[in-house]
Amino acid sequence: MSAPVQQLTVVAISWTYHAGLTYFQILNSRRAEFSPNLCFVQLSPVSHMPLVCLVHTDMITAKASIIFVTLQYNVTLPATEEQATESASLYYYGIKDLATVFFYMLVAIIIHAIIQEYVLDKINRRMHFSKTKHSKFNESGQLSAFYLFACVWGTFILISENYISDPTILWRAYPHNLMTFQMKFFYISQLAYWFHAFPELYFQKTKKEDIPRQLVYIGLYLFHIAGAYLLNLNHLGLVLLVLHYFVEFLFHISRLFYFSDEKYQKGFSLWAVLFVLGRLLTLILSVLTVGFGLARAENQKLDFSTGNFNVLAVRIAVLASICITQAFMMWKFINFQLRRWREHSAFQAPPVKKKPTVTKGRSSRKGTENGVNGTVTSNGADSPRNRKEKSS
Numbered sequence: 001m002s003a004p005v006q007q008l009t010v011v012a013i014s015w016t017y018h019a020g021l022t023y024f025q026i027l028n029s030r031r032a033e034f035s036p037n038l039c040f041v042q043l044s045p046v047s048h049m050p051l052v053c054l055v056h057t058d059m060i061t062a063k064a065s066i067i068f069v070t071l072q073y074n075v076t077l078p079a080t081e082e083q084a085t086e087s088a089s090l091y092y093y094g095i096k097d098l099a100t101v102f103f104y105m106l107v108a109i110i111i112h113a114i115i116q117e118y119v120l121d122k123i124n125r126r127m128h129f130s131k132t133k134h135s136k137f138n139e140s141g142q143l144s145a146f147y148l149f150a151c152v153w154g155t156f157i158l159i160s161e162n163y164i165s166d167p168t169i170l171w172r173a174y175p176h177n178l179m180t181f182q183m184k185f186f187y188i189s190q191l192a193y194w195f196h197a198f199p200e201l202y203f204q205k206t207k208k209e210d211i212p213r214q215l216v217y218i219g220l221y222l223f224h225i226a227g228a229y230l231l232n233l234n235h236l237g238l239v240l241l242v243l244h245y246f247v248e249f250l251f252h253i254s255r256l257f258y259f260s261d262e263k264y265q266k267g268f269s270l271w272a273v274l275f276v277l278g279r280l281l282t283l284i285l286s287v288l289t290v291g292f293g294l295a296r297a298e299n300q301k302l303d304f305s306t307g308n309f310n311v312l313a314v315r316i317a318v319l320a321s322i323c324i325t326q327a328f329m330m331w332k333f334i335n336f337q338l339r340r341w342r343e344h345s346a347f348q349a350p351p352v353k354k355k356p357t358v359t360k361g362r363s364s365r366k367g368t369e370n371g372v373n374g375t376v377t378s379n380g381a382d383s384p385r386n387r388k389e390k391s392s
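With full-length UniProt numbering, the residue at position 148 of the sequence shown is 148, and numbering never jumps.
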C-alpha cells in the first residue's frame, strides 16, 4: 500500500469513527424513550466501537481497509498524442464495489443524522409543525439537500467531459466500461445513498402505511441506477439522473416553502411544467440513445468480458423499463394534480348558505295568524268578510 493511499485510509476511517460517535450520541438522545432490547443503537459510544465504523482501528494498515475507502479496479492508460503530458487513470466495476458502496452508505447515514439534528430539527422546533407536516418536512429537507448536491455534481461531470457539446457521446464507442474517477465515484455515491434509505426507514420511525410507498420509491432508484451502472450505460444514466434530480429538487424545495406559507403555489406550478418536460426529454433521450444510436452500432454481440450488452433483448428491456417507469410517474403526477385542484377549489369556494325550508301550509297559516312581521292584517282568514265570501 502506497503512503498517500494509506494516509487517505487513516483519515477516512478516523473521520468515520468520530462521526460515528456523534451519530450514536444523536440517536441515543433522540430515542431515549426506546427500550434497549428493541433499539440496537442504545450503546455506550465511549466503551463500544460504533457499528457504523465496522473496521477496527487496528486494521487501518491492512490491505482489506483500502477496499472500503477507495475506488477499485483502476486501469492506467498510456499517454496519447492529445494528452502527452500525463497518463489517464480509468476505472471499471467489479464485485469489490459492494464494499465501497457499503462504506459510503454508512457515511450517508451519518450525514443524514447530522442534517436532521442540526438543521431540520431546529427549524421544526421554531415552526411548530403537526406530526404529518413534521415527517413530510423532514423528507423534503433531506431529499432537497441530496438532489441539489447530486445535480450540481452531475452537471460538473457533464461539462467537464463535454457531454453537452457532443450528445453523440451517449452512444458512441459503446460499451462505456471504463469510467473516470468522478463518474465512478458519482455512481458509487448514488447507490450508497439509496441503500442508506432502507435503515433510515427504521431510524426515522416511518409510519407503517408509508413504508410500501417508500420501498417502491427507493427500489425504482436502485433498479435504474444499478442497471445503468452494470449495463455500461453510465453516460445515458448520468444525463437522465441530472435531469430527474433537478425536477425533484424543485418539487421538494417548493414543498418546504409551502409548509412555511400555505399560500405559496408558484413553485408547484413551475414544477408541474418542468415535470412533464422532464418525462418527455427522458423518453426522447432514451429512444435516441438505445433505439437509434445503439441499434446502428456495428458491434451487437453479447460479450460479458468486454461489457457489451448491445443486443436486441437488452435494448427492448431497457426501453420497456424506462417507458413503464415514466408512465407510472405520470400516473402519480396526474393523481397528485387532481387532488391539489380539488383541495384548491374547495378552499376557494364560498360557503353555501342554506335557505330555511318552510312548507306552504305552515307559512300561509302563520302569515294569516300573525300577519306580516307579527302584526295582524285586514286580509286575515278569520275576517268576517272572507268568511262571508267563502260561504257564498
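Built from N, CA and C at the ideal position, the CB exists for glycine as well.
Values in this document were obtained by computation on a predicted structure and should not be read as measured data.
Extent of the continuous alpha helix (DSSP H) run through residue i
i: Asn74; result: Not the alpha helix (DSSP H): Asn74 falls in the beta strand (DSSP E), residues 74-77.
i: Gly291; result: Careful: Gly291 lies outside any alpha helix (DSSP H) and carries neither H nor E.
i: Met105; result: 97-115
i: Ile131; result: This sequence places Lys at residue 131; Ile is not what is there. Where Lys131 is concerned, the enclosing alpha helix (DSSP H) stretches over 131-160.
i: Arg213; result: 211-230
i: Val273; result: 266-286
i: Trp194; result: 181-203
i: Asn310; result: Counting along the chain, Asn310 falls outside any alpha helix (DSSP H), and DSSP gives it neither H nor E.
i: Gly237; result: 234-260
i: Ala64; result: 64-69
i: residue 395; result: Not covered by the structure: residue 395. The range shown for the chain is 1 to 392.
Nearest neighbour of residue i, chosen from the options [CA to CA]
i: Tyr93; options: Ser65, Phe137, His176, Ala113; result: His176
i: Ile211; options: Lys263, Ile284, Ala228, Glu139; result: Glu139
i: Ile111; options: Pro78, Ala145, Lys131, Lys133; result: Ala145
i: Tyr73; options: Tyr91, Ala64, Ile114; result: Tyr91
i: Gly307; options: Gly227, Met105, Lys133; result: Gly227
i: Leu70; options: Tyr104, Ser305, Tyr118; result: It is Thr, not Leu, that sits at residue 70 in the sequence shown. The shortest C-alpha separation from Thr70 is found at Tyr104.
i: Leu201; options: Val239, Tyr217, Asn335, Arg339; result: Tyr217
i: Ala173; options: Ile123, Arg125, Arg296; result: Arg296
i: Asn232; options: Leu283, Leu215, Trp171, Lys122; result: Trp171
i: Phe203; options: Gly141, Ala113, Leu270; result: Ala113
i: His244; options: Val152, Met127, Leu215, Ser305; result: Val152
Residue i: first and last residue of the uninterrupted beta strand (DSSP E) it sits in
i: Ala88; result: 88-91
Nonlocal neighbours in the same chain, by C-beta distance under 6 Å from residue i, ignoring five residues either side
i: Phe102; result: none
i: Leu143; result: His252
i: Lys133; result: Phe259
Same chain, Cβ closer than 8 Å to residue i, five either side skipped, listed in chain order
i: Ile169; result: Glu161, Asn162, Tyr163, His235
i: Tyr229; result: Tyr93, Tyr187, Leu191, Gly237
i: Trp271; result: Val247, Leu250, Phe251, Ser254
i: Gln326; result: Arg279, Thr282, Leu283
Close-in-space but distant-in-sequence residues of the same chain around residue i (CB under 7 Å, 5 per side omitted)
i: Leu77; result: Ser87, Ala88, Leu90
i: Ser189; result: Tyr104
i: Asp97; result: Gln72, Ile188
i: Glu33; result: With a pLDDT of only 43 at Glu33, under the threshold of 50, the placement of this residue in the model should not be trusted; the figure read from the coordinates follows. Around Glu33: no qualifying Cβ.
query = Do three or more CB pairs link the region 246-263 to the region 128-137 at distances below 8 Å?
reply = yes
request  = Determine, using beta-carbon pairs with one atom in the region 177-190 and one in the region 151-168, whether at least three such pairs fall under 8 Å.
outcome  = yes
ask   = Do the region 192-209 and the region 221-238 touch if we need at least three Cβ pairs shorter than 8 Å?
value = yes
inquiry  = If contact is defined by three or more beta carbon pairs under 8 Å, each pair taking one atom from either stretch, is the region 291-310 in contact with the region 322-333?
reply    = no
ask   = Taking one C-beta from the region 262-269 and one from the region 305-323 each time, how about it: are there three or more such pairs within less than 8 Å?
value = no
query = Touch check for the region 293-307 and the region 277-285: three-plus C-beta pairs under 8 Å?
reply = no
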